[in-house]
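Notes follow the structure.
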Amino acid sequence: MLKKDKIFPFIVGLGLIVFQLYMALVRPFHPLLARSIHLCFALSLTFYYKPFGEKTKRYVDVVLQLVIAACALYFVMEAPRLGVRYPYVDDVFLVDKTVTIVLTLLVLEAVRRVVGAGLLGVVIAFLAYAAFGPYFPGWLRFGGTSLEYFTELATMTDQGIFGLPLGVSVNEVFYFVLFGALFNVSGGGQLFVDLGLRTTRNTRGGAAKAAVVGSGLFGMISGSAVANVVTTGVFTIPLMKKSGFTPEEAGSVEAVASTGGQLAPPIMGAAAFIMAEILGTRYLNVAKAAIVPAILYYTSAYLVVHLLAARKEIKVDPDMIDTEPVLPRLYLLIPAILLVYFIVRGNSLVYASTRAILAILIIGFISKKHRITLKSLIEAILSASKEAAGLAIPIAASGIVIGVAVQSGLAAKVSGLLMSMGAGQLLPSLVVILIGCVILGMALPTVASYSVGSILFAPSLIKLGVLPLAAHMFVFYFSILAQITPPVCVATFAAAGLAHANYWHTGVKAFTFAIPSFLVPFVMVYQPEIMLVGSIYNTLLYFIAILIGVYAMAAGTTGFLFRPIESKAMRAVLIALALATIIPEKVSTIIGVIGFALVSLYEFRQSRLAKAREAVTA
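For the sequence shown, the working numbering assigns the number 242 to the initial residue and increments by one for each residue that follows.
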């Protein structure tokens, strides 16, 4: 059943799953022990899946596996002492320092293999800052960090490697990753893709709309932009190319649609769980706040696709894949429904996810057509453990960055600098932070980008009077949109590879298609009612106004409103009206709405006249 090269990751992955389920269902361990063992499992899987080099160099990874095992043994043996000691008071022994140095180097090597130079460079820069703080010039100078202090910070408290982000990975994220893997092998993931194909097959540009709907639904469960692209893009990208979209357009549509999955409840990606912990609120509150923005995001993507298909005169594609009927398979959604039910009811995330996992296994055992076989179960174990490891590594690395930034006072200094760059005004500060988030997101995966951004950027917004939830959502949103922002846009690159398209051109198009979505975070700051804060009446009112603004922006960026718009001036007017609509001033919003209505009326009339002239000519 198992190939030879899958035996080791299966054993380690199964060990990780058993360890996690034991903590969830039987008895939790001390946080430091739980996080350290979780990380050791992740390191072991990472070094297996991302080897050092050729087979002749595999001995290096064998040595590293033994070192990881030694680190795990240290934390198990020393757990009684580490669990009761007083941080920064009790003695730090040589073995503690040694393990800290070794574990830090292991994390750095894992980051190099999994994420690349971006995050590795950031972590090394912060480690250098911690070591050489007294030698930095001006406002960057601080007292520095001794090896003993760094040992306390990094591995003996909940402020460094084993800080809050890794705690979220252990206590929450892992179980949702396992749920997503089991849900996918049970047929639920394919059902979402088929729902997208079924609901859009009879519409203009149906293949691209199927990508938006299917990727959006699948992304609600997967919580990963790249995983979403490679899963749904295999079906949707060839269909889009066949129906008349260029390879670059097909890739960009899939990238935009897949990226939004991290914004869509119930599973929004690891960063959303970290946000809930930082804010000290229930995950339900974060998920609730994301509902309307997620709707706006996908409505924007859908409108862009619709207008683009209309501009290119892409008709209904009669050759779209005739999928298996979805109604007989709707029972596969029961676990997802249960997951949402338990979260809304107020149960813990661990309780909700484990019960949803149990529902998948029961349905998979009962169902004849979609039974979970031993082969698919092994596949789910391998997939879940690999994805969990891939998340744990950047999360642990970001813990180092956060720990150094907070303990050195750098976070507070950066917050003050941002406020001065924004001249103490909200809008300039938002623009500066937008740029900062995008730059971070280009170099780091979403979870690391948000984790660092929440420390560096969010406090400055809160000082300017922004609601904490809105401030963190702003950072969270742009950390995600960086996945489709050139020059480094991993989700777009993955989609371009599937589409056999030019990477740079695909990146530019994806960014252009996503421009209407860039309005949404600003609205969350200025009009927090769209996060379901305040009255439903105001939420509905702002939603309609923003929807009009998004439509105007989509028309301006695609160059179509009832007819192709060749005039750059008219497209600029549409973009300006979109911006006016979302500005938190009643007068500007009214001007934007009325202006768009007038432009729409004009373009509609011109479209009818053009069709009449064509009819006469014919």
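Every residue gets a Cβ at the ideal spot worked out from N, C-alpha and C, and that includes glycine. All figures in this text were calculated on a predicted structure; none of them were measured in a lab.
For residue i, which residues of its own chain have a beta-carbon under 7 Å away from its beta-carbon, when the five flanking residues on both sides are left out?
i	result
ILE575	ALA600 and ILE604
VAL343	VAL308 and CYS312
Under the three-state reduction of DSSP, which class applies to residue i: helix, strand or coil?
i	result
PHE293	coil
PHE367	helix
PRO728	coil
PRO805	strand
PRO269	coil
MET741	As written in the sequence, residue 741 is His, which differs from the Met given in the question. DSSP places HIS741 in coil when its eight states are reduced to three.
ALA820	Per the sequence shown, residue 820 should be read as Leu rather than Ala. In this structure, LEU820 counts as helix in the three-state DSSP scheme.
ARG523	coil
LYS244	coil
MET660	helix
LYS750	helix
PRO506	coil
LYS529	helix
ILE555	coil
PRO757	helix
GLN261	helix
GLN648	helix
PRO686	coil
GLN274	It should be noted that the sequence gives Leu, not Gln, for residue 274. If DSSP states are grouped into helix, strand and coil, LEU274 belongs with the helices.
PRO709	helix
GLU855	helix
GLN847	helix
PRO378	coil
GLU489	helix
Can you list, in chain order, the residues of its chain with a C-beta nearer than 8 Å to that of residue i? Leave out the 5 residues immediately preceding and following it.
i	result
PHE583	TYR592, ALA593, ARG596 and ALA597
VAL567	LEU432, ASP435, LEU436 and ARG439
SER841	LEU802 and PHE803
Enumerate in chain order the residues of its own chain whose CB-to-CB distance from residue i is below 6 Å, with the five nearest sequence positions on each side excluded.
i	result
LEU305	PHE288
ILE619	none
ALA881	For the chain, the structure presents residues 242 to 859; residue 881 sits outside this window and is missing.
ARG570	LEU432
ALA819	GLY790, ALA793 and MET794
GLY324	HIS271
THR726	VAL679 and PHE752
Using 8 Å for Cβ pairs, my map puts residue i next to residue j. What's the rounded Cβ distance?
i	j	result
PHE803	PHE752	Actually they do not touch by this definition, with Cβ atoms about 25 Å apart.
THR473	SER499	7 Å
THR477	GLU495	6 Å
ALA422	ALA621	4 Å
GLN503	THR687	6 Å
VAL497	PHE754	5 Å
PRO406	GLY640	5 Å
LEU361	LEU349	6 Å
GLY374	SER649	6 Å
HIS547	GLY446	6 Å
TYR290	PRO250	7 Å
Handout entry: Uninterrupted alpha helix (DSSP H) stretches inside the region 453 to 486 (no shorter than 4 residues)
Key = With a minimum length of 4 residues, the continuous alpha helix (DSSP H) runs that stay inside the region 453 to 486 are 466 to 484.
Exercise for the section: May I have a chain-ordered list of the alpha helix (DSSP H) segments no shorter than 4 residues that lie completely inside the region 557 to 629? Expected result: With a minimum length of 4 residues, the continuous alpha helix (DSSP H) runs that stay inside the region 557 to 629 are 575 to 586 and 590 to 607.
Handout entry: the region 764 to 771 in contact with the region 515 to 522 per 3-pair CB rule at 8 Å
Key = Segments in contact, no.
Problem - Segment contact, 8 Å Cβ cut-off, at least three pairs: the region 643 to 663 with the region 688 to 704 - result: By the Cβ test, the region 643 to 663 is in contact with the region 688 to 704, since at least three Cβ pairs between them sit closer than 8 Å.
Handout entry: Every unbroken alpha helix (DSSP H) inside the region 281 to 369 [4 residues or more]
Key = 299 to 325 and 335 to 355, all fully within the region 281 to 369.
Exercise for the section: Check whether the region 710 to 720 touches the region 772 to 792, taking contact to mean three or more Cβ pairs, one atom from each stretch, closer than 8 Å. Expected result: Contact between the region 710 to 720 and the region 772 to 792 is present: three or more C-beta pairs spanning the two stretches fall below 8 Å.
Problem - Every unbroken alpha helix (DSSP H) inside the region 383 to 447 [4 residues or more] - result: Segments of the alpha helix (DSSP H) lying fully in the region 383 to 447: 388 to 396, 405 to 409, 415 to 426 and 429 to 441.
Problem - Three-pair Cβ contact test at 8 Å for the region 533 to 551 versus the region 783 to 796 - result: In this structure the region 533 to 551 touches the region 783 to 796; the number of beta carbon pairs closer than 8 Å is three or more.
Handout entry: Segment contact flag, the region 715 to 725 with the region 682 to 696, C-beta cutoff 8 Å, min 3 pairs
Key = With the cut-off at 8 Å, the region 715 to 725 and the region 682 to 696 touch.
Exercise for the section: State whether the region 274 to 289 contacts the region 400 to 418, with contact taken as three or more CB pairs (one from each stretch) at a distance under 8 Å. Expected result: Judged by Cβ distances under 8 Å, the region 274 to 289 makes contact with the region 400 to 418, as three or more pairs qualify.
Exercise for the section: Determine, using beta-carbon pairs with one atom in the region 479 to 493 and one in the region 501 to 515, whether at least three such pairs fall under 8 Å. Expected result: In short, these stretches do not touch, since the Cβ pair count stays below three.
Handout entry: the region 630 to 648 touching the region 393 to 405, judged by at least three CB pairs closer than 8 Å
Key = Short answer: they touch.
Handout entry: Validate contact between the region 439 to 458 and the region 666 to 673 using beta carbons, cut 8 Å, 3 pairs
Key = The region 439 to 458 makes no contact with the region 666 to 673; the number of CB pairs closer than 8 Å stays below 3.
Exercise for the section: Mind listing, in chain order, the continuous alpha helix (DSSP H) runs of no fewer than 4 residues lying wholly within the region 767 to 806? Expected result: If we require 4 residues or more, the alpha helix (DSSP H) runs fully inside the region 767 to 806 come out as 777 to 799.
Practice task
For the region 324 to 340 and the region 381 to 393, state whether three or more C-beta atom pairs, one from each stretch, are separated by less than 8 Å.
Solution key: Because the criterion of three Cβ pairs below 8 Å is met, the region 324 to 340 and the region 381 to 393 touch.
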